[in-house]
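Structure first, then comments.
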Amino acid sequence: MDTFTDLYNLICRDLVGRNYHRPAFHDLKPITIGCLDMNGSRYWRSMGELENAHIHSIWIFTDKTRDGFHTLLADKERLTSIKERFSIRELDVQQLDYDHRNSTGESRASSYMAKFMVHNNHELKVADDFRVLPFQVEKTVN
58 MDTFTDLYNL ICRDLVGRNY HRPAFHDLKP ITIGCLDMNG SRYWRSMGEL ENAHIHSIWI
118 FTDKTRDGFH TLLADKERLT SIKERFSIRE LDVQQLDYDH RNSTGESRAS SYMAKFMVHN
178 NHELKVADDF RVLPFQVEKT VN
């Protein structure tokens, strides 16, 4: 999940600029939820060995950063560089205009994305299986 955070920070830097981490730019950063997944997590009774760790995520962009993200995706050389930097074999980006619901009314995209968490909650094997970004740090006034 740390690599996911590093990737998020790099994308924020590309989209917002080198001062993306400053509070003034917080509202420009995308909101994202990333969930760890493993091969076999779709099948409840037969999870098996933890293999092929990968991340499913949902990103919500502001109107000001959405176009920049599309430009980044179109830049094949930049994407190759990012993949090599983080040892990513494949990036599969799909736009989600409408989130279909399953028979119980749950989001299909989010339930698919979080399916490993069900296994991990049953028998904790990985301590850090999801992350919400950007991290929100609240300041307290004394």
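Adding 57 to a residue's 1-based position in the sequence shown gives its number in the numbering used here.
Backbone N, C-alpha and C fix where the C-beta goes; we use that ideal spot for every residue, glycine too.
The Cβ neighbour count for T137, taken over all protein chains shown within 10 Å, is under 16; the residue is labelled exposed. Judged by DSSP secondary structure, G91 falls within the beta strand (DSSP E) whose first and last residues are 88–94. Around the CB of N177, 16 or more other CB atoms lie within 10 Å, so the residue is classed as buried. F173 carries a helical assignment under DSSP once its states are collapsed to helix, strand and coil. Counting the other CB atoms within 10 Å of its CB gives V175 a total below 16, which places it among the exposed residues. DSSP places V189 in the strand class (E or B) of the three-state scheme. Annotation for N76: F82 place their beta carbon closer than 7 Å to its own, counting only its chain and skipping 5 residues before and after.
The Cβ atoms of L93 and D186 sit closer than 7 Å to each other. Distance from A166 to L181 at the Cβ level is roughly 25 Å; contact not present, criterion being Cβ atoms closer than 8 Å. Ranked by how close their Cα comes to the Cα of I112, the residues E163, G162, L64 have L64 in first place.
Within its own chain, the residues whose Cβ lies closer than 7 Å to the Cβ of R70, once the five positions on either side in sequence are excluded, are Y77, listed in chain order.
Here I145 carries a coil assignment [DSSP, helix/strand/coil]. For H127, the uninterrupted alpha helix (DSSP H) run begins and ends at 120–131, by DSSP. Within the same chain, and ignoring the five residues on either side of T60 in sequence, the residues whose Cβ sits closer than 6 Å to its Cβ are F143.
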